[in-house]
Amino acid sequence: MRETLNFGTTQNVRGKKAAMVDQENGDEISIQRNVLESHRNNHRELLQKGLMQYEPPHGATHSADGTKIPESKDMENKVAGSISESSQVDIASSYNGEVKITLVCDSSRKFDFRRLNIDAVLEVVEENFRERYGITNPEFSIKNLMKEFCQYYLEVAGYFNNDVILLPNSSKKSNSEVPPDDQKHKIPTNVIKKNPTFIEDMTRGEERHPISLVNEDGTLELPKFFYILKNTVYQNAYVNFSLARISDDNCCSSCLGDCLSEPANCACTRETRGKFAYTPGGLLEEKFLDECIAMNKSKTKKDYFYYCENCPLENVVEKKSSQKKRKRSNKYICKGHLMRKFIKECWTKCGCGRNCGNRVVQRGITAKLQVFSTSEGKGWGVRTLQELEKGTFVCEYVGEIVTNMELYERNEERTTNDERHTYPVLLDADWASEGHLKDEEALCLDATSFGNVARFINHRCYDANLIEIPVEVETPDHHYYHIAFFTTRKVKANEELTWDYGIDFDDDTHPIKAFECKCGSHFCGTKNRSYS
120 MRETLNFGTT
130 QNVRGKKAAM
140 VDQENGDEIS
150 IQRNVLESHR
160 NNHRELLQKG
170 LMQYEPPHGA
180 THSADGTKIP
190 ESKDMENKVA
200 GSISESSQVD
210 IASSYNGEVK
220 ITLVCDSSRK
230 FDFRRLNIDA
240 VLEVVEENFR
250 ERYGITNPEF
260 SIKNLMKEFC
270 QYYLEVAGYF
280 NNDVILLPNS
290 SKKSNSEVPP
300 DDQKHKIPTN
310 VIKKNPTFIE
320 DMTRGEERHP
330 ISLVNEDGTL
340 ELPKFFYILK
350 NTVYQNAYVN
360 FSLARISDDN
370 CCSSCLGDCL
380 SEPANCACTR
390 ETRGKFAYTP
400 GGLLEEKFLD
410 ECIAMNKSKT
420 KKDYFYYCEN
430 CPLENVVEKK
440 SSQKKRKRSN
450 KYICKGHLMR
460 KFIKECWTKC
470 GCGRNCGNRV
480 VQRGITAKLQ
490 VFSTSEGKGW
500 GVRTLQELEK
510 GTFVCEYVGE
520 IVTNMELYER
530 NEERTTNDER
540 HTYPVLLDAD
550 WASEGHLKDE
560 EALCLDATSF
570 GNVARFINHR
580 CYDANLIEIP
590 VEVETPDHHY
600 YHIAFFTTRK
610 VKANEELTWD
620 YGIDFDDDTH
630 PIKAFECKCG
640 SHFCGTKNRS
650 YS
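Residue numbering for the sequence shown follows my numbering, starting at 120 and increasing by one per position.
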């Protein structure tokens, strides 16, 4: 590419550089002038050898040899002079070069401007895009993307002209090529797709770290819900957060700093048999995690299940006049509830600090997560933008705390309104110790209207890379607890995060209705699932 030079810009550059230094520092100004004079001499040599083209500055009336410039030529030079301070690089174009994307760098705004290798710059940009937007396609290319943009622009522009398609350096189309009147303003589906969407932080600043949302093909509607950080009681749920409910032997009031660094384990390890569930690095202890995974996968073993005599899920609603009341149904029996291992974290009544190693879940999300539109027809999904070690806390499931009765009524209303997607999760991990539960104690988390990023995590049968573990924080009452997700193995960056919903696909009475599973697991089956 031929370089252009405008001598009129050197004085401007000299003035800018001189203004940037202390006026009393004459040595610095002298150095800048010497450098500029050296550049002038180099440019003169290039002009004499024919290696650089001379472009008069804007407003010049005479050429370099002193001859007067014709008025018509003077006008051309005014236009050339306005761009002569720039270095121009063509980056991409349509197939035949009708539409181009060009990079113009104004050298007058930076002293001693140097042209960069455009391919090297694009490579750096691509790497940043891959990390920021979670792009996993190895064929992704910024240059190819811009080429496609040029081609789409060319094709779309043609469909918006009234009678003909006007392109640079092209003549009018023949009558046979002019589209019919009823198709002049129509855009073929293969030319325009729905706009992709990128939201830098879908949490609206609620989380400490932003969670982005990417709708890559633009086919999914943006989710309609309110993002919340903490579980919130809807109406009738009984959840008692009070210091009086926490006895002295159920907290570590005598601890200081970090409980994990104390020589003896404190009272908060009672749920994990006298040992902390977390390592000093903030991961789950591998033995504890493997035991939880084994229990979750061994769903046919009766030893891990509790069967209610009067199961809240057996009851149905009988309407009499305007009142609703519950009755025992003889049609169904309790199908069992998986008894999970609990983690107890330190809380307000404990003497340790906020940075105690036994306060992992309550500190919130630290992993880089992204909500994205899946390509397998599963709708929205969640992926990690960084590598996660086995046992890493990812997030907790947050939603409205509702009673089993309230959930039943919501499901009835949603069925009537033909609402397809609902996000309820039962808090039944320790119904065995709770005994007979009242309506206000048989609780669920419903993230349909109010929830967090966990509502987008998809189901995967048997070999999911996340596992849910109940965590006690504010209350010893196990009819309410936090549902925390931890990685079951090492998870690669940009890998989708999944968990096993624990749905019985043959159970028509379960409040979480079965769906057509598209998880892709080798162990997947919407009917007659078998586990080893």
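Virtual Cβ for every residue (Gly too), placed ideally from N, Cα, C. All values derive from a computational prediction rather than experimental measurement.
Around the C-beta of residue i, are 16 or more other C-beta atoms found within 10 angstroms, so that it is buried, or is it exposed?
i	result
F317	exposed
K421	exposed
C638	buried
P299	At P299 the pLDDT is 49, less than 50, meaning the model places this residue with poor confidence; the figure from the coordinates comes in the next sentence. Exposed, because fewer than 16 other Cβ atoms sit within 10 Å of the Cβ of P299.
H601	buried
E519	buried
P287	Note that P287 has pLDDT 41, beneath the 50 cutoff, so the model's placement of it is unreliable and no number is given.
L124	Any reading at L124 needs caution, since the residue's pLDDT is 34, under 50, leaving its predicted position unreliable; the model's value is listed next. Counting Cβ neighbours within 10 Å, L124 comes out buried, since at least 16 surround it.
H641	exposed
E635	exposed
V610	buried
G324	exposed
E531	exposed
N294	With a pLDDT of only 46 at N294, under the threshold of 50, the placement of this residue in the model should not be trusted; the figure read from the coordinates follows. Exposed, since its Cβ has fewer than 16 Cβ neighbours within 10 Å.
E258	exposed
P176	Bear in mind that a pLDDT of 48 at P176, under 50, signals an unreliable position, so the model cannot answer this.
For residue i, which residues does DSSP report across the bridge?
i	result
K64	Not covered by the structure: residue 64. The range shown for the chain is 120 to 651.
F512	F605
S331	Q489
E587	F604
T351	E519
I318	L332
Y425	H456
F345	F569
L273	Answer by DSSP bridge pairing: none, since L273 is not bridged.
T357	Here residue 357 is Tyr; the residue named in the question, Thr, does not match the sequence. The partner list for Y357 (beta bridge, DSSP) is empty, contrary to what the question assumes.
L507	V610
Y397	L403
Would the beta-carbon of residue i fall within 7 Å of that of residue j?
i	j	result
F461	P589	yes
N359	V517	no
I261	L241	yes
T522	D558	yes
C453	C430	yes
F378	N236	According to the sequence displayed, residue 378 carries Cys and not Phe. Contact: no.
A383	C371	no
E506	A612	yes
L362	K463	no
L264	S213	no
G401	V479	yes
I576	V501	yes
G470	C374	yes
L504	G216	no
N415	I586	yes
T617	A573	no
S331	E319	yes
H597	E560	no
Which two residues bound the contiguous alpha helix (DSSP H) that contains residue i?
i	result
W499	Counting along the chain, W499 falls outside any alpha helix (DSSP H), though it belongs to the beta strand (DSSP E) covering 499-503.
V544	From DSSP, V544 is part of no alpha helix (DSSP H) but of the beta strand (DSSP E) over 543-545.
F575	Counting along the chain, F575 falls outside any alpha helix (DSSP H), and DSSP gives it neither H nor E.
V243	237-252
K416	405-416
W466	Run containing W466: none; DSSP gives neither H nor E here.
E340	Segment: none, E340 is in no alpha helix (DSSP H) and carries neither H nor E.
A551	550-553
Of the choices the options, whose alpha-carbon is the least far from that of residue i?
i	options	result
D565	G554, R323, L545, T388	L545
R327	Y516, L488, K497, A551	L488
D336	L375, F569, N584, S492	S492
L457	S552, E405, D368	S552
C563	V572, A548, L273	A548
F569	T541, L556, L585	T541
T606	E515, N571, A211	E515
G510	I365, R251, T398	T398
G472	R249, E390, G376, N415	G376
V333	I365, N247, R251	R251
S494	E508, Y357, E615, D320	E615
Y620	Y581, Y599, M321, E405	Y581
S417	W499, F268, R459	R459
A239	V218, Y527, I210, C269	I210
G455	V592, I622, C269, G496	I622
Name the two residues that bound the continuous beta strand (DSSP E) containing residue i.
i	result
A566	562-570
V521	518-522
L616	615-618
Are the C-beta atoms of residue i and some chain D residue less than 7 Å apart?
i	result
K487	Protein chains in the displayed structure number just one, and chain D is not present.
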